[in-house]
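Residue 810 is where the sequence shown ends in our numbering, and the numbering goes up by one at each step.
Glycine included, C-beta positions come from ideal geometry on N, C-alpha and C.
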Amino acid sequence: MTYRKLSLAACPALLLAGCATPADSDYPSLAVRDIERAEGQFDVGPPQTIDVPAVETPLSGPLPEQLAALVARATEAHRAFTSALPTAERRVAAASGAGIGSDSWAAAQVALADLDSSRSLASVPLGDLDILYAAASVQADDTAAIEAARSQVIALVAEEDAALERLRARVQ
């Protein structure tokens, strides 16, 4: 029992020893040293204005004509997509349940690749519309007409994406 009392009496002494601080010379000072002091002045000069350069766009001509041409290109690509869609649907239906690597599966994959190509042709005008939108935004121009054209093309591409997703789900 005395051993336990002795160890309990020694605990506070050990804990207090951890609180003891060493002499100041054991640690370096945190004060600013002479080498760390900033000296001199920097001349900032007069304030400068920044001119935002005009962003080059892929098409030339007035904006309404550019937008009409881009929407027309996307619409034409969408027509090609919708004309290729029935063939792809037939090939996917024929490949439904067929094994991967079979002839009907391969034909369905080729038809889906054709649809992907048509979808890509509709995405190119969307990229050009994005460039026009970014350029107009940077130059603080009105973007309402560009947003309307983008919305039309985005709707076409979204319709194509939905069709591709539906067909791909049937051929796996």
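{"Item": "Tell me the residue span of the alpha helix (DSSP H) that contains Val795.", "Value": "Ala782 to Arg808"}
{"Item": "Helix or strand or just coil, what does DSSP make of Val670?", "Value": "coil"}
{"Item": "Does the contact criterion of 3 or more C-beta pairs under 8 Å hold for the stretch 724 to 731 versus the stretch 747 to 764?", "Value": "yes"}
{"Item": "Please tell me whether Leu753 and Val791 are closer than 8 Å, where the distance is taken between their beta carbons.", "Value": "no"}
{"Item": "Using the Cα positions of Asp780 and Ser742, report the straight-line distance between them to the nearest angstrom.", "Value": "51 Å"}
{"Item": "For the alpha helix (DSSP H) that Asp768 lies in, which residues bound it at each end?", "Value": "Asp741 to Val776"}
{"Item": "Indicate the three-state DSSP secondary structure (helix, strand or coil) for Gln686 in the structure shown.", "Value": "coil"}
{"Item": "Which residue marks the beginning of the alpha helix (DSSP H) containing Ser721, and which one marks its end?", "Value": "Leu701 to Ala733"}
{"Item": "Quick check on DSSP: helix, strand or coil for Asp664?", "Value": "helix"}
{"Item": "If I'm right that Ala772 touches Leu708 with Cβ under 8 Å, what's the distance once you round it to whole angstroms?", "Value": "The pair is not a contact, with the Cβ atoms about 14 Å apart (cut-off 8 Å)."}
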